[in-house]
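Please read the structure below before turning to the comments.
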Amino acid sequence: MYAVWRLPQFMLQALKVPAKARAAVLDGTPCQDSHKNEDHVLLCVSQPAEEQGVHVGMRSSQALARCPQIACLYRDEAAEKELQELLLQGAETWTADFESTHPGLCVLDLRRVHRLQQPGWLEHGRHMHQDFRERGLEICVGMAKTPDMALLASHAAFPVKVIHDSMTDEKVAFLELPLSVLSPPVELQQTLSLWGIHTLGELKALRRQAVGERLGPAGLALWDLADGSRERLLELVRPPVHYRQEIELENGIETLEPLMHLLRDFCQRLCTQLSHAWKAASFLHFKLGFDDGASHTKDLRIAEPTRDVEVLLRILETHLESLSASAPVMRVSLEIMAVNPSAAQDLLFDRGLRDPAKFAETLSALEALLGHDHAGRGQLLPTHQPDAFSVSPFLEKPSSTEQPADSTRGLPLLRFRPSWTADVKLQDARPIGLRSGARDLQLSDCRGPWFLSGHWWDARQAWSQEVWDVYTQDGGLYRLVREKGAWKLEGRYG
Amino acid sequence: MAKDSPPFHELHARSAFSFLRGAASPEVMMRQASKLGMSHLVITDRDGVYGSARAHHEARALGIRAVVGAELTLECGGVLPVIVRTREGYQNLCRMLTQAKLAAAKGQSRITWDNLTTHARGLSALSGDHEGVLHRALDMGDKQKVVTLMQRLCQTFGSEHVFLEIHRRRLRHEDIRLSAIRDLAEHLSLPLVASNAPLYAAQEQRILQDAFTCLRHHTYLDAAGLHLAPNAEACLKSADQMQSLFADIPQALAETARVIESVEFGLENLGYEFPSHDVPAGHDQDSFLRERTFIGARERYPGNQLTPKVRAQLEKELALISKLGFSGYFLVVWDIVRWTKENGILVQGRGSAANSAVCYSLNITNVEPVGNSLLFERFLAEGRESWPDIDLDLPSGDQRERVIQEMYRRFAPYGAAMTANVITYRGRSAMREMGKVLNLPQDVIERFTDLYANGDFPHTLKLEEQVKQAGLPNEHPRLRPFLSLYSMVYGLPRHLGQHSGGMVLCTKGLDGIVPLEPASMPGRVVVQWDKDDCEDLGIIKVDFLGLGMMAVIEEAVHTSERRGHPVPLHTFPCNDPACYDLMQKADTIGVFQIESRAQMATLPRMKPENFYDLVVEVAIIRPGPIVGKMVHPYLSRRKDPSKIEYIDPEFEPILKRTLGVPLFQEQMLKMAMVIADFSGSEAEELRRAMSFHRSEERMDKAMAKLTAAMNRKNVKEEVQQRIKDSIKSFALYGFPESHAISFAQLAFTSVWLKVHRPAEFYAALLNCQPMGFYSCATLVRDAKQHGLRILPVCVCQSDETCTVVEDKILRLGFRQLRGFSSAAAQHLLHQRAVRPWQDLTDLLSRCQLSQRDKRVLAQAGAFNALGHHRRSALWESAVPLHQDLVESATTSEASPLSAMSDYERLAADYAVTGLTVGKHPMALIRDQLRRVVKASELSLHKNRSRLAIAGMVICRQRPGTANGHCFISLEDESGISNAFVPSRLFESSRLVITQEKFLKIHGELQHQEGVITVLAHRITSLRYDQLKQARLESHDFR
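Residue numbers (UniProt numbering), protein chains in the order written: chain A, 1 to 494; chain B, 1 to 1038.
The following block contains the structure:
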């Protein structure tokens, strides 16, 4: 027996839109393709909106004309991916053999699942439906002896339909199903529509050979799908292998040493698995659960992919040395992200990093000291705003962004972080003296002003600066900036 | 500016005509220059002098000077700004640009060093800004190359005409570059000139320049990064500001004055000469024109019609034409009209040229001006600032192109070119482009486009509200920047197109007058100025305007002749009662000018009885008279002559023919001449000052002159006010009377054809689509209503175009089929001519049509004559042709597909032909519509009764004169019903009205003087789901 799970209105369900809402999903993303003059059309329409005359292929304006309350949403790829994952995970719990050729569609081969026995198929179907309903999702379940028949059954299911060989009348009902349930290619559907073929029954009424002659292999495949009796092999989904170890402890661990013993054991097992698959670890996902319910999670990037247990352990140990917890550790899990071992070497006789493991260890220590996201590679942003930068992880390849031409010229500037607020005395709109904190500085000269401004299109981020270089009588050279009416000393040159 | 400070002139300013490299119009740049106290401003737009004419005109009005210059893109990609010193320099610049533009793809220009060397005389060169050749060379860091480059420039232009440009835009480190340039100047002994190289007039416009930068780099603001300007300093700066910036290099400021002093040239000395004609020996231009005029006059005024009055008029006109040096121009136009007629192409002069007896005698126009008392001064008068042009109406399409190409041939090389049409940022394009730049959601941009269609006048909603309706809430952080950008960009040039027919001519080479460049259309060349710029600079032009109706008339006349029913085109009587009967019933779908909804609503009230009534009808339904509230007074006076009055008794002879209502421009001129003692040219200048694209200042000045003159003549205040009101309102769009007469002639001809040669007329109309007001579907329905039978496309009978089978029967042609290639049609016709088809298989095997072509023919029912219904033909033709001997196993079987239903046939008809010769879509659902009144039955209902109408939307209009109200025309199987939608209802139902193809309108019937309208109270969509795939077309907001 095969079961087909079909998530109707997949895109809307991914966006968690209630079934009763008048909503539709638009092609594309809000700002994608903004330089193409193509109109975005609706890809998926909720039932209540459809009842108002809105249909797939309309533009949002046309939909709003028919149904002013309609919410036109953009597709959310991440949400769709998540929902698809959920569907596949669900399928995994029933059988290892399943296919998913379309998002929101899953064909399960239940023939070798011994715990599922006739005549309980309907009950199993309801169980499957209930599983998803509990997660707030609607599925239709069709079950039959062939995958294609199960697919047809899923389209006739409210919410579950089981078809046995003997149920001829039930199969006849499928003949009324529209062709669109088979998702034919657009051109093929247009041709069939011109022929007046709108249902499976009408297509099946045509001789298979005649259809093949006129519509080619695609037409034949569609005819076979409509017939539903074809035996075929599933395009099986094989879930990715997870390199993961976890343990729930009876007695909590309170010191580093036993925890490191445990982690050594984990690392050894995982590295053995990795070596069998000719893989190396590039990333460690490490999680601790404490007795008081708290948890600690850490992602640790590895400078150079490896399956050396000692290296992995050192990285973990460096991180754990700076960790203190208020309760004993009760759960430990370690997952490794596996990649192919690096085949590249930047230098002829040496690697890019002399000791990548040591480097990663140092980074880990730094991060432990400074806090998450506070250690990394400073990178100037492509903007005229001085000192606008972002921090990217050391081990990520830096993006090759353009730098302002000015950024590399002139004397080095020792930046005051944060910059010092200042009171400035002006004469003819030029600074002649300033006070910052307890310091009174007499200026002997100044250069400027230079004007910089940007991000004017968003009031929350708009900025504008008037910049001066001022020479103090004691020989100092400072950068003085006026922003939003306030003066500040940004740094000292030299 | 301090007295002893060095003067400063900006030598390198760009306007929005640098297309995405400048953010202010030339006019705004000049106004800002004037405001800053500058006496000169050099506009150096990129690769052209596009904005120079406008800058010149504005500068003259402001009392300053616009100096011509341009930024030249060299073959290396670097930019070289040049300034025109002499007329020779200007001609060199134009020729250089012409050669570069014509040698490159559209929108591109690369000037070679050879070209530059040949054309450098009379030009001064600047080293440019960061895109300039010098900066590019400095960026490379090779000092020797920099020196070589400058030495080459000095050799090309002469070292006294090469200047090193320096800038200070308040940026750190720019002095490093400046110091390098100073060193270079010292090394080569070249002068420095200070410039701010402005891209806009004032700092506020920096945001638009940033937006343009994004468009240029195909990105948006958030991602543009360092492409954007670091500050807002690239504006036009005053001498004081520049002095403070360059206090340490005063010689760089002083040098700008030296550059300006060397400039002798201004566009007032363009050197344009009117075109001349090759005249026979013994003649000059004047004498030959005189000879041709009187030869023509004797034909035009046969017998004793050539009265002394006509002779005197001809003499007067010839004297003025000769005095103004126009004789050659008239001869050129006469000759092209003669060529056109000899080649069997219909041609008719229109516009103010029809006021001239000389044009009439030369056969350029068909309106007799003396008998019609037309005012010659509207066409030509001494002392006028600009010259009128002669407009020629030609059949649109290939025939017009033949004439245009003949002009190119005659004036080759570079003697003729089309005038440009400056496409500006308007509602939808401004929204789309600025929306992209701000990265607004795409659906907001699309919805705005849907809501505010082209030509829709959003009087009732502020922009903010429009944007809100499109989905951008008030609190959106980018709403304010969007509104600013939208208002800044609105009206600025976006790109250059070509004018529909305006052609400028010059015997001695137009490329020395204005740069020429290729148009998008192959074989066409355009000048860099639009028609107003050309007019302002005294360049004369001929308008070769394509009129669809001319093509219809030409084809209908030829078809009639072929069928043995010749049409007495220039002689049929203009008092044919059947024609006026048709007009009075407003049965004018398809005819020229009087077919629009507004015209049809006026015809039953106007009830035209003679040709002049038709002239008035053509002229009165125009924005000018409507805004000036002249329509109702005219109609009520027509109904009740006791209401006729003339504003002032002196106007009676002028306004008598229009019942005291000033309708024509000639009347306005005459009124000004009578009431204010204006000369002909003064009156014409007043009219031009009032026209819509002129400045308010110019209008006020002209009106003040009129008021002063009327005050001198003690004209009563009330009369003065009425005169001024009428002048202001209809001068906007008013017709010259002669033009109205020319159009009325075409309108009458089309009515005559509709009445007396309906089959030929409708066939020609269908063949000349797209044109006019209505779609093919409506024309076919109208033809059927006039008793014609329209036969569908048929592979055995159809020609490429629609043909007349019998007096009352038409056959659609293959051209009517969408997606059916012309090559396939030709091949099919060729094969059919060899021998008739035996059956469908025979046709398919002989024609080798593509799957798509076969499907279109089958879908349209074109195979029906071969014994197939549409579906069986689709089935049969879907089998690929087997070139071998193996026959398909199933081709001999009968088609298993059932014939199409009525709905399906209708959908198929609309999909492939856009019309149906069968039942109207509304007829198919009539029995489902309850309490909906057919269009033909509306007249049976009482005035003010409440009812509903429904149908296919064929027209939505929201004219600028209608205060936001909307007019909708719905078509059903019995005719057309019209609805008036008040602005409030329009706003609340905007999306339903603009997006739905079928509507149901509930409202109150208004039945007045034979005009029936439904005042809409409620509008809903009529869900014609069965036909949702039918591609129905309406005439929206056009």
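All C-beta atoms in this analysis are idealised placements derived from N, C-alpha and C, irrespective of residue type, glycine included.
Looking at the C-beta of residue i, does it have a partner C-beta in chain B at a distance below 7 Å?
i               : result
E213 of chain A : yes
P382 of chain A : yes
W456 of chain A : yes
A153 of chain A : no
M11 of chain A  : no
F451 of chain A : yes
L15 of chain A  : no
G53 of chain A  : yes
H40 of chain A  : yes
F195 of chain A : Residue identity check: residue 195 of chain A is Trp in the sequence provided, not Phe. Closer than 7 Å: yes.
S60 of chain A  : yes
Less than 7 Å between C-beta atoms, sequence neighbours within five positions excluded: which residues of the same chain meet that for residue i?
i                : result
L212 of chain A  : The residue you asked about is not Leu; residue 212 of chain A is Gly in the sequence shown. Only G219, L220 meet the Cβ criterion.
L452 of chain B  : Note that residue 452 of chain B is Tyr in the sequence shown, not Leu. Hits under 7 Å: G427, R428, P458, Q466.
K316 of chain B  : none
Q1026 of chain B : Its pLDDT being 49, under 50, Q1026 of chain B is placed unreliably by the model, and the measurement read from it follows with that caveat. Result list for Q1026 of chain B: Y903, in chain order.
R214 of chain A  : none
Considering only their Cβ atoms, is the gap separating residue j from residue i smaller than 7 Å?
i                : j               : result
F743 of chain B  : V795 of chain B : no
M330 of chain A  : D291 of chain A : yes
A417 of chain B  : V526 of chain B : yes
V172 of chain A  : G125 of chain A : no
Y414 of chain B  : L510 of chain B : yes
V4 of chain A    : A150 of chain A : yes
H40 of chain A   : D443 of chain B : yes
R87 of chain B   : F294 of chain B : no
L810 of chain B  : A763 of chain B : yes
T1013 of chain B : I626 of chain B : no
F394 of chain A  : G371 of chain A : no
Residue i CB to nearest chain A CB: under 7 Å?
i               : result
V879 of chain B : yes
G225 of chain B : yes
L510 of chain B : no
V917 of chain B : no
Closest by CA to residue i, which one among the options?
i               : options                        : result
R852 of chain B : B:L817, B:P836, B:V834, B:H868 : B:L817
L245 of chain B : B:V193, B:L451, B:L221         : B:V193
A71 of chain A  : A:E92, A:L105, A:A91, A:P48    : A:P48
L915 of chain B : B:L812, B:L199, B:V674, B:L985 : B:L812
L566 of chain B : B:I741, B:L753, B:L582         : According to the sequence provided, residue 566 of chain B is Pro. The question's Leu does not apply to it. Considering only alpha carbons, the answer is B:L753.
T117 of chain B : B:F748, B:N343, B:T156, B:A137 : B:T156
In the DSSP assignment, what residue or residues form a beta bridge with residue i?
i                : result
M549 of chain B  : DSSP output for M549 of chain B lists no bridge partner at all.
Q313 of chain B  : Note: Q313 of chain B sits in no beta bridge, so no partner.
F664 of chain B  : B:F735
S1021 of chain B : B:L999
For residue i, I'd like the list of residues in its chain whose CB is within less than 6 Å of its CB, leaving aside the five on either flank, ordered along the chain.
i               : result
K279 of chain A : A338
A683 of chain B : L669, A672, M673
H161 of chain B : S124
Chain-ordered residues of the region 771-804 of chain B with a beta carbon less than 8 Å from chain C
Absent from the structure is chain C; the protein chains it does hold are A and B.
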